[in-house]
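A.B. asks: Sequences listed follow chains X and D, in order.
Just so it is clear: in the first sequence, position 282 is 1156 by this note's numbering, and no numbers are missing.
Just so it is clear: in the second sequence, position 227 is 1101 by this note's numbering, and no numbers are missing.
Attaching a single structure in structure tokens format; questions to follow.
Protein chains: 2
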Amino acid sequence: MTKPLYGAIEAGGTKFVCGVGSGPEAVIERTTIETTTPRATLAGTVAFFREAVERHGELAALGIASFGPIDCRPSSSSYGRITSTPKEGWRETDFVGIMREALSIPIGFDTDVNAAALAEWRWGCARGRSNCLYVTVGTGIGGGFVVNGETLKGLLHPEMGHVRVTREQGDEFGGNCPFHGSACLEGMAAGPAIEKRWGAAAHTLPPAHQAWAWEAGYLAQAIVNWVVTLSPEAIVLGGGVMQQGHLFGPIRSRVRLLLNDYIQAPEILEESASYIQAPGLGTQSGLLGALALAMDARK
Amino acid sequence: MTKPLYGAIEAGGTKFVCGVGSGPEAVIERTTIETTTPRATLAGTVAFFREAVERHGELAALGIASFGPIDCRPSSSSYGRITSTPKEGWRETDFVGIMREALSIPIGFDTDVNAAALAEWRWGCARGRSNCLYVTVGTGIGGGFVVNGETLKGLLHPEMGHVRVTREQGDEFGGNCPFHGSACLEGMAAGPAIEKRWGAAAHTLPPAHQAWAWEAGYLAQAIVNWVVTLSPEAIVLGGGVMQQGHLFGPIRSRVRLLLNDYIQAPEILEESASYIQAPGLGTQSGLLGALALAMDARK
């Protein structure tokens, strides 16, 4: 018996990555579609999956790991939609409805970061742990969480980039969050905040630059809040800014210093490199997360 | 067939409340035992349950909702113990081991606040919601969380009282947390912090006192962090300090102001009185939480 084949969409604000596969090491087709209007982008996405079906046969389910905010609460009347996004034209797009209409298969739908947390927990660096926190630090900052095999949803879904931070000593940047100014993590530590603060692209700043000490400080403040709230067994930091691998050491040290021996766990006291860590799936967490959503939707 | 009978322990730092019952509205015996040494306290507890068994017959299981920190991870080699507590004599007490030895029944073991969250979710004001955050504000501050019917555990268990806060404008109190000074919620907003700051017992301060504006501010800061991290569908605030019912209104307003329309949910935008709310089970959340743990342990 051949393994069932799944469709996966990592739906980002600048591009959609679509794939077809039967498992994390068996993605047999993949394409990238620029994110423009919902109509054009979703038409291209549907066309890719229809062609894949012609070549390989039916898909058992589809997983969508989407930029947000979205409504991913199955009991909600607006389930499946992109909701209050500032992204031109996408507000109230019935993402799941359109894909279901076109493909007629079960669909799993969650945030990109919840999906990435699921992939890292199932196949990546958090395998075997009871839960997993995944945070992306890039153009924006977002966090997803998996516990007991399920992603965390509730009132809406987590919006961890907007956790509150205190100004790092000496930093006078006014903050870049249109909602929270300098009071939240995304306003002080996402890529655009670094670039505005220093007037230079983040990746051009050398490792010894003050920018990175502050960056580690803000991320450590947020991680402390997540540690005491979620008690994560693994903290995975991905996204463009975390390509600066030199950040991990200072982040681990600052987390330990801020917690000040309160949490008596060797993972924190010994600044374990397998506790606060880079994605085990590299840049594939998102697409494989969508694949995991598809596999769960079929059940 | 008669309903099975369960034992429940709400194990606090000053007293143990023990009960026997078959459900939340059928607690047929109850006693209070002062928390002294582990030996004396646990002997008194065992004696209560043995006498209850003589009168009513066997217990199907026992639930323990304990002060902490504890090890409540079933896979851990030190599962069932009270761990690094500063409480005299209790460090490394094998709470579950001692009770299992004495009673030979299945035992459920969790933090007092996780248990209270479970009770409020199952029988109280969060019934029917997908998750529930329970926070107690008293001598200390702690938080528990239930999602998909299970309490949140991981590296250890949540320690939500130590979430970070920013000084409220004008407040120059140095903070009361031995680990985090003025940087965490417990250090600024637990009962003892209020009393130290003002030199008066918290319950003697009138509702219009500046103390309460700051108290609402600190709690609102913490709730914002919990909202963006956990996406709770219900936030239940219990404990001695929350007997000040006038705090709820200002807390809801401050949460809305701090989030600044970022979370587009009517529960927050309309300052819903059934979102941030007092315990539906009154002061019984803890004991009934222990009962819920017992019922789950039998399964």
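Just so you know, even glycine gets a beta-carbon here, dropped at the ideal spot from N, CA and C.
#1: Who are D/Q1151's beta bridge partners in DSSP?
#2: Is X/N1005 helix, strand or coil when you go by DSSP?
#3: Residues of the region 1035-1051 of chain X with a CB closer than 7 Å to any CB of chain D: list them in chain order, please.
#4: I'd like to know if the region 1078-1091 of chain D and the region 975-986 of chain D are in contact, where contact means that at least 3 CB-CB pairs between them fall below 8 Å.
#5: Could you give the uninterrupted runs of the alpha helix (DSSP H) lying entirely in the region 885-950 of chain X, keeping only those of 4 residues or more?
#6: With distances taken Cα to Cα, identify the nearest neighbour of X/I1097 among X/S940, X/P898, X/L1059.
#7: Check distances from the C-beta atoms of the region 1098-1113 of chain X to those of chain D and list, in chain order, the residues that come in under 8 Å.
#8: Output, in chain order, the set of chain D residues within a Cβ distance shorter than 9 Å of X/Q1084.
#9: Tell me whether D/D1135 sits in a helix, a strand or coil according to DSSP, three-state version.
#10: Name the one or two DSSP bridge partners that D/D984 has.
#11: Please list the partners that D/P1032 has in chain X, where partner means a Cβ-to-Cβ separation under 8 Å.
#12: Quick one: residues in its chain with C-beta nearer than 7 Å to the C-beta of X/M1116, no 5 flanking neighbours on either side, listed in chain order?
#13: Which residues in chain X have a C-beta closer than 9 Å to the C-beta of D/I819? List them in chain order.
#14: From the beta carbon of X/V1021, is the nearest beta carbon of chain D less than 8 Å away?
#15: Just to make sure I have the definition right: I need the residues of chain X whose C-beta is within less than 7 Å of the C-beta of D/N1005. Which are they?
#16: Could you give the residue range of the beta strand (DSSP E) that holds D/F969?
#17: With distances taken from CA atoms, which of D/W1072, D/A935, D/S952, D/G1014 is nearest D/D986?
#18: Could you give the distance in angstroms between the alpha-carbon of D/L1155 and the alpha-carbon of D/E994?
#19: Quick check on DSSP: helix, strand or coil for D/A1090?
#20: Establish whether the CB of X/S1146 and some CB of chain D are separated by less than 8 Å.
#21: Here's a check: name, in chain order, each residue in its chain whose Cβ is nearer than 8 Å to the Cβ of X/I1142, leaving out the five neighbours to either side.
#22: Of all the options D/D968, D/V891, D/G982, D/D945, which has the alpha carbon lying nearest to the alpha carbon of D/A1184?
#23: Would X/A1139 count as contacting chain D if we go by Cβ distances under 8 Å?
#24: Which residues of the region 945-975 of chain X have a Cβ closer than 9 Å to any Cβ of chain D? Give them in chain order.
#25: Residues of chain X with CB closer than 9 Å to the CB of D/F1053, please, in chain order.
#26: So the candidates are X/G1065, X/V901, X/G942, X/K961; which of them puts its Cα closest to the Cα of X/G954?
#27: Is there a Cβ of chain D sitting closer than 8 Å to that of X/E1024, yes or no?
#28: According to DSSP, simplified to helix, strand and coil, what is D/T876?
#29: Can the beta-carbon of D/S940 be found less than 8 Å from the beta-carbon of D/F969?
#30: Looking at the structure shown, is X/A1064 part of a helix, part of a strand, or coil, going by DSSP?
#31: With contact counted as at least three CB pairs below 8 Å, one residue from each stretch, are the region 1025-1033 of chain X and the region 875-888 of chain D in contact?
#32: Listing by chain order, which chain D residues have their CB less than 8 Å from the CB of X/Q1095?
#33: Whose C-beta lies closer than 6 Å to the C-beta of X/P878 among residues of the same chain, with five residues either side of it excluded?
#34: Can you tell me where the alpha helix (DSSP H) with X/I1142 in it begins and where it stops?
#35: Does the distance from the C-beta atom of X/L1111 to that of X/A1090 stay below 8 Å?
#36: Using the Cβ count rule (16 or more neighbours within 10 Å means buried), how would you classify X/D984?
C.D. replies: Judging by the given coordinates:
#1: D/V1110
#2: Note: X/N1005 maps to strand in three-state DSSP.
#3: Of all residues in the region 1035-1051 of chain X, only H1036, V1037, R1038, T1040 come within less than 7 Å of chain D when Cβ atoms are compared, listed by chain position.
#4: no
#5: Secondary structure within the region 885-950 of chain X: the alpha helix (DSSP H) runs of 4 or more consecutive residues, fully enclosed, are 912-930 (chain order).
#6: Taking only the C-alpha atoms, the option nearest X/I1097 is X/L1059.
#7: V1098, N1099, W1100, V1101, V1102, T1103, L1104, S1105, P1106, E1107
#8: Result: empty, since nearest Cβ-Cβ is about 22 Å, beyond 9 Å.
#9: coil
#10: D/A939
#11: Chain X residues near D/P1032: V1102, T1103, L1104, S1105.
#12: V1011, A1152
#13: The first residue shown for chain D is 875 and the last is 1173, placing residue 819 of chain D beyond what the model contains.
#14: yes
#15: G1028
#16: Looking at the DSSP string, D/F969 is not in any beta strand (DSSP E); the run it does join, the alpha helix (DSSP H), is 969-977.
#17: D/G1014
#18: 7 Å
#19: helix
#20: no
#21: V1101, V1129, R1130, L1133, Y1149
#22: For chain D, the structure presents residues 875 to 1173; residue 1184 of chain D sits outside this window and is missing.
#23: yes
#24: Cβ contacts with chain D come from R947, S949, T957, S958.
#25: L1133, N1134, D1135, Y1136
#26: X/G942
#27: yes
#28: coil
#29: For D/S940 and D/F969, yes; Cβs fall inside 8 Å.
#30: coil
#31: Contact fails: fewer than three Cβ-Cβ distances are below 8 Å.
#32: R1038
#33: A934
#34: That run of the alpha helix (DSSP H) goes 1140-1143.
#35: Result no, Cβ atoms of X/L1111 and X/A1090 do not sit closer than 8 Å.
#36: With 16 or more other Cβ atoms within 10 Å, it is buried.
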